[in-house]
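Visitor: Take a look at this one; I'll ask things after.
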Amino acid sequence: MKRPYPGWLAALASGAVLTLSGCASDAPLDTLEPQGPISRSIDSLSDPIFLVAGIVFVVIFGATAVIWWKFRDDHSTDEFPEQVHGNFRAEVGWTVGPAVIMAVIAVFTLISHFDLNSSDRTDIQVAVDGTTTSWDPEIVVVGQQWWWEFRYYFDGLDGVDLSDSRNLPPADIVTANQMVIPTGSEIGLSITSRDVIHSFWIPALNGKRDAVPRRVSPWKIEADVPGVYFGQCTEFCGLSHSRMRMQTVAMEPADFQAWVESQMGPAVAPKGVAAQRGQEVFEGQCARCHVVNGVNDATSSGADLVANAAPNLTHLMSRTTYAGGIFNLYEPNGTLNRPQLEAWLRNAPAEKPAYAEGRRGMPAMGLSEGQIDDVVAYLQTLGEAPAFDIIAATEVE
Amino acid sequence: MTDTMELEAPARPLGAYTRPKANTGWRDWVTTIDHKKIGILYGAAAMVFFVIGGIEALLIRLQLATPDGTVLGADTYNRVFTMHGVTMVFLVIMPLAAAFANYLLPLQVGARDVAFPRLNALSFWIFLAGALFLNMSWILGDAPDGGWFAYAPNTGVVFSPGKGMDFYAIGLQITGIASLVSAMNLIVTVLNMRAPGMTLFKMPVFTWMILVVQFLLLFAIPVITVALFLLMFDRNFGSNFFNPEMGADPLLWQHLFWIFGHPEVYILILPSFGIISEVIPTFSRKPLFGYPFMVFSGIAIGFMGWGVWAHHMFVSGIGPISVAAFSVSTMFIAVPTGVKILNWLATMWGGRVRFNTPMLFASGVVSMFTIGGLSGVTHSLAPADTQQTDTYYIVAHFHYVIFGGALLGIFAGFYFWWPKVFGHLLSDKLGKWNFWLMLVGFNMTFGPMHILGLQGMSRRIDSYSPGFGFEFWNMFATIGAFIIALGVLAFIVNVVMSARRARHEPPVGPDPWDARSLEWFTPNPTPVHNFDDDIQVEALDEFWHRKYGEDQNGQVVRVASAEEVCQDGSATDTHLPSPSYWPVVLAAGLPFVGLGLMYTLWLCVPGAVLILMAIYGWSFEPVDDPDGPHGHHNDHGSDEPADDGASGTTPAEEAPVV
Amino acid sequence: MSDTAAVSHGHGTGTGLSNNKLLMWVFLGSECLLFGGLISTYLIYRGRFGDGPAPGDIFDIPFTSVSSFVLLMSSLTMVLALAALQRGDIRNNRVWLLTTALLGSLFIGGQVYEFTTFVREGLGYTTSPFSSAFFTLTGFHGVHVSLGIIMLMSLLISSLRGTLTKERSETVEIVGLYWHFVDVVWIFIFTVIYLVPSPTS
Amino acid sequence: MSTAAAEHVDSNDEEHEHPSDAKYMQIAAILAFVTALEVGTYFVEMPGAVLIPLLMVMMVYKFFYVAAWFMHLRFDSPLFTKFFVTGLVLATVVYGILLTIFEFWHKG
Ligand code: HEA
Ligand code: HEA
Ligand code: CUA
Ligand SMILES: [Cu+2]
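Chains as they are written, first to last, in the numbering used here: chain A, 22 to 418; chain B, 105 to 762; chain C, 166 to 366; chain D, 4 to 111.
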């Protein structure tokens, strides 16, 4: 066996880890490409530790390579090597050495950690009902099988009781799977769940925080520049865990203002005949789970779902993805992605696995094709389409 | 366990309870209470489950090879990865460690058997009963689907209404009993049964590491038992331990699970550390560098392992203070582990290293485990872990430590001790194929997972969409997994071929590797009675010291051949404990009780009958069989097993308690 | 039994202790973690009684004090049983074994009574996290006591059959260790669960 | 684990001095007395800061009395004590941390 140990192979691989993952620009969930100050501070802690690990790695593999190279038995001698039983000083050395290295790392970690868990939010001005109020930007994030809800309370969360996540007080804005935030401001999050444990994660903006039923966990995010930032539920939460994604849409503050204004309004009565027929179907079949503000505000009966909630559809069209952020609502050219939406209404569990009979996920509604056309027409009246660049940015494929 | 405790022993054998005599055939295997055969049984069973767990892994890899995979549905996928994790941890690595511990520990301390041979058999059969029980869930169509750490409330009846999580909760309780019984047994064995002169600090490092592991099991198993009991009560009797609707806190499960779970990962790795601490000095022709440091660092790892559990919960919302404390405590686990790695390197350094297959695997552990350990350290920085947790970066970490650490070490042990157990060597040539295929396949499979994880690929997802940059490395990893499978296949081929070849070849002789510790005093394969005579131990590595001395220049010189030092296995006067039916009968009762709790309580009846019958039979079993193979009692003092019913210093009418 | 034999054989190793006794102590070390887990669960949940009865409302301290006292005294009779056998006093050994078993049964009887009273007062097993934790903890302890009673009865039967002799006093000692341990756990439970003031509704 | 104890074989000179029945009764009387004190606290108003430490002290006192005398840890091999105490201390520390996390630290 005259072969050097392929330490170089592994060394190469680890080098590849750092480079390849660092420059994978087509990886929207990449953890090493921070897009805001919070994730950047995590990154600036991670990078040096990767380096330290890399150095230790090189030392260990270097030593291994030397052993393979130099101390291999080449049958040139019968003599026994020197019988060293140990070396107290060396051993104390490599006990204390790593301890010191770790102690130094610990200091930086603690600084970064407490920084990550503190908040310094400043108020944002938003127009609510025509008057400008200042809002301590904090959004309530609610996970349930298998989609996310985001609730905005512009009077602040101080008086809001979040302890019973299945009966949350009415909010100013309720949206699903796409959270909209202004750029340049730290946004606080209050994360909870209506059923099992989920985990909220937008890698470009911050690390994860679990959504635990009956607990409200604080977290925060911040984006430098406008854009669509992808996320994924990362705590195993049952059947469709893999299809529980989300996006955060960061807008210039002015655009955010406009968005808030458009979201505050209730649904307008549909005009066309088909859409009106669609609304009837909706009120008959869908309204028992879905809320459309102005139509059935508080009447949805949660009894049909374990989580006691389905996505609020008032401004459905202002989102670009749906059903846990896995389907595009629009074609790349900005027109409605009709086949997918129809398929969803025809048989949702076939599109996204669910336990509808166990009251988790959207059931197959058994609508006729005509009804589906009508409902689609109705849904199209719910909210206005977002800016084209947002549509373009959500297209993953 | 107390409930199996025999409270009394009869003054005279009752005719109906004669002990089995079979020495050959399947009867022998079922009733044996010989630690060596039990070790082999553990090993064989675990390897079967390794292939099952491996096939599950291959299914995972096939599903993930391409985006939007359709090999398995979401539901099946969730069951497959859950069972893959459960199988590999509880039914493969743990019992493989038990295989080595059972076979070698008594030999390494120079004992006739373990302290309680019948309890030892009981442990194995209970393990097997639990393992079959868990896998029965596939046949009954409802494998567990909550992930191996089974976070509440996703595993409650509301969210997991099938029977799967019941199989999990009850099955792991059963295997837990096995681990606990065997832990108690081995602790007593090490403390009480050592050969004359063998002080604790003359014990081989393997024995030490196994001892530490038994203490970890002793204290960790009850914790998961509590958790599993509570889960079982929640699911079957409507209690509210993990039901948030009634005001429970789901984090309680996480704490209980990981208080067990983190010590558990050291339970997985330390046996392998022990194995390579035997292999490396042997093949480097040098004593282990810094024996006391090796022992103390093992103990330190065992202790520190209890103070870090919440590093699995950095993002659960346990509060910044707790996270900070656990983050820092976790970092310092790198210290004792680092001592081990560096001491192994120092052992090899300056040696004359023979790279036979066992040494290849051992050297593989040193380097591959380091990669996994280093990624572990990157997780321990809580802020960094918020990005890493629950991604493939974690999957990469734990496969590097478990596959690259625990499993490669176990393979080193296979190749090293194969002649001890079966009397012939495994082929070195095929062994090298085995090693290189596994090493290359392993790095191809799990290396890219670092990249995938940092690119944001979550774990436990049955599919991913194209466009996230996951395609290439997933396909790459899947190819790697099949190369690992080839490596495993090479091992199986090697086992079969070597056994065939050995039939035409002379036996391997007493000391194929120029080894160092006590087990090599016995001939290969080890005779039923182990040692012909007690060995008076004077030094660490007693066997080696009997072969070598020093000349006046301090040079090592051979003073005796292995043949001279080894015993010839010819002793015939050793008393051998008789086999027993009852361990297997008792174990067979447990799955019935489990099924009864799940389906209909009536099924508990046959289970209870079997168990009671076994306890009764166990208690009234004649202490010794007069027609047994060896009627002679010789006085062996404290290294005589206590529950064979006939230990030398135990007068027959004074039967032991257990 | 064989503990001193090792030494007299000149084996300079091992602990010189009986395997069986060592086994029991190792087991008891393990049991600490089991009861610790259950007690912690109880402590975490004792304030979570929802709409059901609260611990502070429902505990009957005088009653539990009496049954705790009964269990405590059973430890005395247990040790007397052992001492008797070690002297070779078979008769007193039997008397004390029987007394111990009876005291244990009395304790269990008290527990059954307590449970039924609680259930009547609206505290079922499924009422709240508190109730589940309470019944599970005390139930686990009760099962341990019951197993102990079975062991004591087996000893008694063995004694009546004439096989429980002075030489086998170690068996009694080992069962005694178990029994005292269960008592010691109750000392803990009694203070921490009953005497430390509990939340009321 | 406990090296010292395991090496320690000499102190094993047969039958340790076991206490007499009277001694056991005496211990039991003390235990009964402490139990009475414990129960007594139930009938006396006391601030928690006093009561709880008091109860704990009495509990530990009883605990060690039973362990030392009835379980013979006083006379038996220190190895037994070590096993038991290891389990006890481990349980206390680990579950103590657990309870602390739940009681004090888990809020943000
Ligand atoms: C064999 C099993 C094993 C072993 C030995 C380890 C060892 C370690 N593990 Fe690992 N771990 C697992 C099995 C194991 N782990 C499993 C199965 C999981 C996932 C469970 C799940 O979620 O399903 C996990 C998850 C896991 C997490 C949680 C990740 C998450 O989910 O967010 C963390 C976090 O801190 C962690 C840390 C560590 C550390 C610090 C070590 C240390 O012990 C490593 C120490 C070793 C070294 C550091 C290398 C050698 C040292 C030197 C050469 C000295 C010099 C080094 C330095 C100065 C850095 N592990
Ligand atoms: C304890 C040890 C252990 C071992 C040895 C392994 C071994 C392997 N694991 Fe492991 N794995 C875990 C423990 C282990 N795993 C755990 C605890 C989890 C977490 C589970 C959870 O999240 O709940 C996990 C999760 C896990 C995942 C993530 C799943 C997910 O999150 O969605 C993946 C994905 O690739 C994976 C792959 C593999 C592969 C390819 C191997 C390979 O190394 C396997 C090699 C073995 C073989 C290939 C068998 C050889 C078979 C033959 C030779 C027979 C050939 C016959 C036919 C092909 C018919 N494992
Ligand atoms: Cu929600 Cu995973
Ligand atoms: Cu861990």
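In this text, a Cβ means the ideal position worked out from N, Cα and C, and glycines have one as well.
Since this is a predicted model, take the numbers as computed values, not measurements.
Within the present structure, is the beta-carbon of ALA438/B separated from the nearest heavy atom of ligand 1 by less than 6 Å?
Guide: Locating residue 438/B in the second sequence gives position 334, where the first residue counts as 1. Flag set: Cβ of ALA438/B near ligand 1.
Visitor: Any beta carbon from chain B within less than 7 Å of GLN104/A's own beta carbon?
Guide: What you label residue 104/A is simply residue 83 of the first sequence in a count that begins at 1. At least one chain B Cβ lies under 7 Å of GLN104/A.
Visitor: Per the contact definition of three or more C-beta pairs closer than 8 Å, is the region 214-234 of chain A in contact with the region 362-377 of chain A?
Guide: Cβ pair count under 8 Å is below three, so no.
Visitor: Cβ of GLU256/A within 6 Å of any heavy atom in ligand 3?
Guide: The count along the first sequence starts at 1 and reaches residue 256/A at position 235. Correct: GLU256/A has its Cβ closer than 6 Å to ligand 3.
Visitor: Is the region 184-198 of chain C in contact with the region 85-98 of chain D, if contact means three or more CB pairs nearer than 8 Å?
Guide: With the cut-off at 8 Å, the region 184-198 of chain C and the region 85-98 of chain D touch.
Visitor: List the endpoints of the continuous alpha helix (DSSP H) containing ASP144/A.
Guide: Within the first sequence, residue 144/A is the residue found at index 123, counting from 1. It is not in any alpha helix (DSSP H) - ASP144/A carries neither H nor E in the DSSP assignment.
Visitor: So with CB distances below 7 Å, who are the chain A contacts of MET452/B?
Guide: Working through the second sequence from its first residue, we reach residue 452/B at position 348. Chain A residues near MET452/B: ILE88 and PHE92.
Visitor: Are the CB atoms of ALA675/B and ASP636/B within a distance shorter than 7 Å?
Guide: On the second sequence, residue 636/B is found 532 positions in, with the first residue counted as 1. On the second sequence, residue 675/B is found 571 positions in, with the first residue counted as 1. Yes, they are a contact pair.
Visitor: Following a CB-centred definition, is MET265/A positioned closer than 6 Å to any heavy atom of ligand 6?
Guide: Looking at this structure, you won't find ligand 6 anywhere; what it does contain is ligand 1, ligand 2, ligand 3 and ligand 4.
Visitor: How should GLY545/B be labelled, buried or exposed, when 16 other C-beta atoms within 10 angstroms of its C-beta is the threshold for buried?
Guide: Residue numbering aside, residue 545/B sits at position 441 when the second sequence is read from its first letter. Buried.
Visitor: Give the secondary structure of HIS309/C by DSSP, where H, G and I count as helix, E and B as strand, and everything else as coil.
Guide: Within the third sequence, residue 309/C is the residue found at index 144, counting from 1. If DSSP states are grouped into helix, strand and coil, HIS309/C belongs with the helices.
Visitor: Residues of the region 261-282 of chain A in Cβ contact with chain B at a cutoff of 7 Å, in chain order, please.
Guide: Going along the region 261-282 of chain A in chain order, one finds SER261, HIS262 and SER263 with a Cβ nearer than 7 Å to chain B.
Visitor: Give the secondary structure of ASP231/A by DSSP, where H, G and I count as helix, E and B as strand, and everything else as coil.
Guide: Indexing the first sequence from 1 puts residue 231/A at position 210. Looking at ASP231/A - three-state DSSP - the assignment turns out to be strand.
Visitor: Output, in chain order, the set of chain D residues within a Cβ distance shorter than 9 Å of ALA248/C.
Guide: Here residue 248/C corresponds to residue number 83 of the third sequence, with the count starting at 1. Per Cβ cutoff of 9 Å: HIS21, PRO22, SER23, ASP24 and TYR27.
Visitor: Ligand 3 and HIS554/B: does any heavy atom of the ligand fall closer than 6 Å to the residue's C-beta?
Guide: As a first step, residue 554/B must be located in the second sequence, where it is residue number 450. Not under cutoff, so the answer is no.
Visitor: Reducing DSSP to helix, strand and coil, say where PHE112/D ends up.
Guide: Because chain D is modelled from 4 through 111, residue 112/D falls outside the range shown and cannot be assessed.
Visitor: Is it the case that the CB of HIS366/B approaches a heavy atom of ligand 4 more closely than 6 Å?
Guide: If you number the second sequence from 1, residue 366/B lands on position 262. Checking the Cβ of HIS366/B against ligand 4 gives yes.
Visitor: Please classify LYS390/B as buried or exposed, where buried requires at least 16 other C-beta atoms within 10 Å of its C-beta.
Guide: Here residue 390/B refers to the residue found at position 286 of the second sequence. Buried: at least 16 other Cβ atoms inside 10 Å.
Visitor: Which first and last residues belong to the beta strand (DSSP E) in which LEU210/A is found?
Guide: The sequence position of residue 210/A within the first sequence is 189, counting from 1. That run of the beta strand (DSSP E) goes 208-214.
Visitor: Which same chain residues end up closer than 8 Å to GLY527/B when comparing Cβ atoms and leaving out the 5 residues on each side of it in sequence?
Guide: Along the second sequence, one-based indexing puts residue 527/B at 423. Only ALA606, PRO611, VAL612, ASN628 and PRO629 meet the Cβ criterion.
Visitor: Below 6 Å CB to CB, which residues in the same chain sit around LEU617/B once its five sequence neighbours on both sides are set aside?
Guide: Within the second sequence, numbered from 1, the residue matching residue 617/B stands at position 513. Per the sequence shown, the amino acid found at residue 617/B is Trp instead of Leu. Only THR386 meet the Cβ criterion.
Visitor: Going by CA-CA distance only, name the one from PHE154/B, VAL327/B and PHE231/B that's closest to TYR98/D.
Guide: For the purposes of this step, residue 98/D is taken as the residue at position 95 of the fourth sequence. Answer by Cα proximity: VAL327/B.
Visitor: Is any heavy atom of ligand 2 found at a distance shorter than 6 Å from the C-beta of TRP617/B?
Guide: Residue 617/B sits at position 513 when you count from the first residue of the second sequence. Flag unset: Cβ of TRP617/B not near ligand 2.
Visitor: Are at least three pairs of beta-carbons, each pair with one atom in the region 554-574 of chain B and one in the region 509-519 of chain B, less than 8 Å apart?
Guide: Contact between the region 554-574 of chain B and the region 509-519 of chain B is absent, because fewer than three Cβ pairs lie under 8 Å.
Visitor: When the Cβ atoms of the region 152-172 of chain A are set against those of the region 516-525 of chain B, are three or more pairs found closer than 8 Å?
Guide: Output reads no: the region 516-525 of chain B does not touch the region 152-172 of chain A.
Visitor: Between the Cα of PRO206/B and those of MET192/B, LEU530/B and LEU223/B, spot the shortest distance and give me the residue it belongs to.
Guide: Counting from 1 along the second sequence, the entry for residue 206/B is found at position 102. With the sequence shown as reference, residue 206/B is identified as Asn, and Pro is not the correct amino acid for it. Taking only the C-alpha atoms, the option nearest ASN206/B is LEU223/B.
Visitor: Mind checking if GLY307/C is an interface residue toward chain B, Cβ cutoff 7 Å exclusive?
Guide: In the third sequence, residue 307/C corresponds to position 142, counting from 1. It does not: the Cβ of GLY307/C has no partner Cβ on chain B nearer than 7 Å.
Visitor: Using 8 Å for Cβ pairs, my map puts SER214/A next to GLN284/A. What's the rounded Cβ distance?
Guide: For the purposes of this step, residue 214/A is taken as the residue at position 193 of the first sequence. For the purposes of this step, residue 284/A is taken as the residue at position 263 of the first sequence. About 23 Å separates the two Cβ atoms, so there is no contact after all.
Visitor: Just to confirm before moving on: does the CB-CB distance between GLN765/B and LEU593/B stay below 7 Å?
Guide: It is not possible to answer for residue 765/B, since the shown part of chain B is limited to 105 through 762.
Visitor: Where does THR328/C sit, in a helix, a strand or coil, going by DSSP?
Guide: Along the third sequence, read from residue 1 onward, the residue named residue 328/C stands at position 163. Looking at THR328/C - three-state DSSP - the assignment turns out to be coil, as it is neither helix nor strand.
Visitor: DSSP three-state label for THR265/C, please.
Guide: If you number the third sequence from 1, residue 265/C lands on position 100. Of the three classes helix, strand and coil, the one that applies to THR265/C here is helix, per DSSP.
Visitor: LEU302/C and SER296/C: beta carbons closer than 7 Å?
Guide: To locate residue 302/C, count along the third sequence from 1; it is residue 137. To locate residue 296/C, count along the third sequence from 1; it is residue 131. No. Outside cutoff.
Visitor: What does DSSP give as the partner residues of PHE237/B in its beta bridges?
Guide: Here residue 237/B refers to the residue found at position 133 when the second sequence is read from its first residue. According to DSSP, which records beta bridges pairwise, PHE237/B is partnered with nothing at all.
Visitor: Any heavy atom of ligand 1 inside 6 Å of the beta-carbon of ALA150/B?
Guide: Looking up residue 150/B in the second sequence gives position 46. Because no heavy atom of ligand 1 lies under 6 Å away, the Cβ of ALA150/B does not count as near it: no.
Visitor: Which first and last residues belong to the beta strand (DSSP E) in which GLN559/B is found?
Guide: For the purposes of this step, residue 559/B is taken as residue 455 along the second sequence, with counting starting at 1. It is not in any beta strand (DSSP E) - GLN559/B carries neither H nor E in the DSSP assignment.
Visitor: Return helix, strand or coil for THR402/A, following the three-state DSSP convention.
Guide: The residue labelled residue 402/A in the question sits at position 381 within the first sequence. Three-state result, THR402/A: coil.
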